[in-house]
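Enquirer: Quick one: structure below, then a few questions.
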Amino acid sequence: MLLISIVSFAVLYLGYRFYASYLEKLYSVKPDEKMPSKELYDGIDYVPTNKFILLGHHFSSIAGAGPIVGPIIAGIAFGWAPAVLWVLIGTIFIGGLHDYSSLIISIRHKGKSIGEVANLYINKRTYKLFLLFTWLALMYVVAVFADITADTFAKEAAVSQISIIYIFVAFVFGSLLFRKKAGLSLLTILSLAALLAGGVLSFKYQVIFLDKNVWIMILLAYCVLASLLPVWLLLQPRDYLSSYLLYASVFLGLIGLFFGGHEIRYPAFVSFSSESVGTMFPFLFVTIACGAVSGFHSLVASGTTSKQIDKIENARFVGYGGMVLEAVVAIIALGTVMLMASDNPSLKSAPAEIFASGLASFSTLTGLPPAAGKTFGFLVVSAFMLTTLDTATRIARYIFQEMIDKTVAGAGVKLFATLISLSLPLALLNLRIAGPSGTPIPCWKIIWPLFGITNQLLAALVLIIIYLWAKKENSVKGAVIALPAFFMIVTTISALFLSLKGSVSAGSFNIVFYIAAVLLLLSAVVLFESLRAVFKKPAV
32 MLLISIVSFA VLYLGYRFYA SYLEKLYSVK PDEKMPSKEL YDGIDYVPTN
82 KFILLGHHFS SIAGAGPIVG PIIAGIAFGW APAVLWVLIG TIFIGGLHDY
132 SSLIISIRHK GKSIGEVANL YINKRTYKLF LLFTWLALMY VVAVFADITA
182 DTFAKEAAVS QISIIYIFVA FVFGSLLFRK KAGLSLLTIL SLAALLAGGV
232 LSFKYQVIFL DKNVWIMILL AYCVLASLLP VWLLLQPRDY LSSYLLYASV
282 FLGLIGLFFG GHEIRYPAFV SFSSESVGTM FPFLFVTIAC GAVSGFHSLV
332 ASGTTSKQID KIENARFVGY GGMVLEAVVA IIALGTVMLM ASDNPSLKSA
382 PAEIFASGLA SFSTLTGLPP AAGKTFGFLV VSAFMLTTLD TATRIARYIF
432 QEMIDKTVAG AGVKLFATLI SLSLPLALLN LRIAGPSGTP IPCWKIIWPL
482 FGITNQLLAA LVLIIIYLWA KKENSVKGAV IALPAFFMIV TTISALFLSL
532 KGSVSAGSFN IVFYIAAVLL LLSAVVLFES LRAVFKKPAV
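At position 452 of the sequence shown (counting the first as 1) the number is 483 in my numbering, and the numbers step up by one without a gap.
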């Protein structure tokens, strides 16, 4: 396991060091470029931000449960070796390119979202359909992460309590930093100390015990606040503080991988086909989305990050660097699979349970008791999900406002857009589908396969938009973008078609099926119009 870890992290470092640097030169990044965060400063969305705070916000927002759940599912289904290879190759040549390019494009278009940028390169009808596709994709994100987070909070009271403490500390942090201009270093130390104390107390004394459905409503109410409040008051400080928790999990994972002396028990290769997931092609490449390439990242990069970055040269550190950090989390998640023999009954547990147990094993080297290590693992998973949940809601609100009329503003419109954007996830979360044994299947298990496909399909469409921009910028070599775009298009369309075919064969017609059918239709139209734009001859 030590050798696999060293090689994997070395490859990721080399990708950041050389390929990201190549992209920086390809896009002619210059230090004197004007930044939207300064030109359009409004104190709410457009706020120039320290690059370390912004990396924390960006990394926390893009990570979610994806780099944990996806790799664990794929690693168990196909073996850890194919999963590791996809994480490494996907991150360097597709995911990093996708994230960094989305950020650069948005910055150079005054912080516009990727949807607004698309409007410049495709016709208005296709632009509206692209926005609708993106908005529906975000509905999957909110529903999946709200379901898993609520389930974790209902089962782990300590995790829910420290998560609530995180929110209150973030409010105080944001107020002191941006209103009182308190020093970042001292404020960070005091906040982390308060969170550590809160964590110890929550581990010893559990007082909040609520049903999963109650937690779902609380989480959606929190999403409303996160969507409407100024970014510096809640979203940014909470994500920044959460990033230290995520960095700590990476540190514990690295300690376990490097010094734990753990043997690899799980097979490197299992099969080219899995009964639960499907065939390796295309389903490996859509099961592992976050951790290799994720369309959702472009929404974060262009939706919030581009409005906060203070210098163009920091785009590589935040955009490409955030993707590399997510890949590190994915490798650690796969490490928790490698610990187990193929006949271990724990392999049937939820991915969050597998990750938390694995992190507990890794953390014993630091002297942390296994029970505390497992609680910490659950806290990490919930922190990943909660930061993505609030950011996804805010971006969904942006996109819905774009769809109806981006010139209409005001608190009432923002609230309306937020509530509408949470209505479909609420419907999905109330969906009740029973398995063959009659036991209800959790919402996230129903949605996850299509979530991964939709996420990757969004990445494919965004790569086409990036290519169209590159084509217009004659200095940019489009082939670097065209090849990843082609691979993602073929992979995701194949996966979506096979999934719908499977649902039809099984006679499984529910709201998830119909949303998937709508997404397939939307993506086909957007793809057709985008490819027309790609091959359109320039006017003479």
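Glycine included, C-beta positions come from ideal geometry on N, C-alpha and C.
How long is the line joining the alpha carbons of Arg210 and Ser305, rounded to whole angstroms?
Expert: One C-alpha to the other measures close to 54 Å.
Enquirer: Go through its chain and collect everything with a Cβ distance to Ile385's Cβ below 6 Å, but skip five positions before and after it.
Expert: Counting only Cβ-Cβ distances below 6 Å, and skipping sequence neighbours, we find Ile103, Thr367.
Enquirer: Is Lys143 a contact residue of the ligand ZN, with contact defined as CB to any heavy atom under 8 Å?
Expert: Because no ligand of any kind appears in the structure shown, any question about the ligand ZN cannot be addressed here.
Enquirer: Any beta carbon of chain D sitting closer than 9 Å to that of Gly538?
Expert: Among the chains in the structure shown there is no chain D, since it carries only a single protein chain.
Enquirer: Just mark Pro98 as buried or exposed, buried being the case when its beta carbon has 16 or more other beta carbons within 10 Å.
Expert: The residue is buried, with at least 16 neighbouring Cβ atoms inside 10 Å.
Enquirer: How many Å lie between Phe431 and Phe290 at the Cα?
Expert: Whole-angstrom Cα-Cα distance: 48 Å.
Enquirer: Per DSSP, what are the beta-bridge partners of Gly309 in this structure?
Expert: Partner(s): Ser305.
Enquirer: Please determine, among His89, Val148, Ile153, the residue with the shortest C-alpha to C-alpha distance to Ala564.
Expert: The candidate whose alpha carbon is nearest that of Ala564 is Ile153.
Enquirer: In angstroms with no decimal places, state the Cα-to-Cα distance between Ser373 and Gly229.
Expert: So the two alpha carbons sit approximately 38 Å from each other.
Enquirer: Since Ile340 sits in a beta bridge, which residues does DSSP pair it with?
Expert: Note: Ile340 sits in a beta bridge opposite Thr80.
Enquirer: Taking Gln432 as part of the alpha helix (DSSP H), name the residues at either end of that continuous run.
Expert: Per DSSP, Gln432 belongs to the alpha helix (DSSP H) from 401-436.
Enquirer: Please report the Cβ distance between Phe482 and Met311, rounded to the nearest whole angstrom; I am assuming they are in contact, meaning their Cβ atoms lie under 8 Å.
Expert: Contact flag wrong, Cβ pair sits at about 19 Å.
Enquirer: I think Ser454 touches Ser133, with their Cβ atoms under 8 Å apart; what is that distance to the nearest whole Å?
Expert: So it is not a contact: roughly 27 Å between Cβ atoms.
Enquirer: Determine the DSSP secondary structure at Pro471, reduced to helix, strand or coil.
Expert: Reduced to three states, the DSSP call for Pro471 is strand.
Enquirer: Among Lys159, Leu256, Ile524, Val38, which has the Cα closest to the Cα of Val115?
Expert: Nearest of Lys159, Leu256, Ile524, Val38 to Val115, Cα basis: Val38.
Enquirer: When burial is assigned at 16 or more other CB atoms within 10 Å of the CB, is Ala181 buried or exposed?
Expert: So Ala181 counts as buried.
Enquirer: Can the beta-carbon of Glu357 be found less than 9 Å from the beta-carbon of Thr522?
Expert: Their beta carbons are not under 9 Å apart, which means Glu357 does not touch Thr522 by this criterion.
Enquirer: What's the call for Pro382, buried or exposed, on a 16-neighbour Cβ count within 10 Å?
Expert: The residue is buried, with at least 16 neighbouring Cβ atoms inside 10 Å.
Enquirer: Which first and last residues belong to the alpha helix (DSSP H) in which Asp242 is found?
Expert: Looking at the DSSP string, Asp242 is not in any alpha helix (DSSP H), and its letter there is neither H nor E.
Enquirer: Write down every uninterrupted run of the beta strand (DSSP E) in the stretch 108-150 whose length is 3 residues or greater and which is fully enclosed by it, in chain order.
Expert: Runs of the beta strand (DSSP E) inside the stretch 108-150: none found.
Enquirer: Hey, is the stretch 333-346 in contact with the stretch 81-91, meaning 3+ C-beta pairs nearer than 8 Å?
Expert: Because the criterion of three Cβ pairs below 8 Å is met, the stretch 333-346 and the stretch 81-91 touch.
Enquirer: Evaluate contact between the stretch 256-265 and the stretch 392-412, counting only Cβ atoms and requiring at least three cross-stretch pairs below 8 Å.
Expert: These segments do not touch.
Enquirer: So for Lys65, helix, strand or coil by DSSP?
Expert: It is coil, neither helix nor strand.
Enquirer: When you compare only the Cα positions, how much space is there between Phe161 and Leu552?
Expert: Using only the alpha carbons, I get a separation of about 11 Å.
Enquirer: Please go through the same chain and pick out, in chain order, the residues whose beta-carbon is closer than 8 Å to the beta-carbon of Tyr72, but skip the five residues on each side of it.
Expert: Result list for Tyr72: Val78, Pro79, in chain order.
Enquirer: May I have the straight-line CA-CA distance separating Asp130 from Lys379, to the nearest angstrom?
Expert: Asp130 and Lys379: Cα-Cα distance of roughly 33 Å.
Enquirer: Say whether the stretch 318-328 touches the stretch 487-497, bearing in mind that this needs 3 or more beta-carbon pairs closer than 8 Å, one atom from each stretch.
Expert: Yes, the stretch 318-328 touches the stretch 487-497.
Enquirer: Going by C-alpha distance, which of Trp246, Phe199, Lys212 is nearest Leu223?
Expert: Nearest of Trp246, Phe199, Lys212 to Leu223, Cα basis: Phe199.
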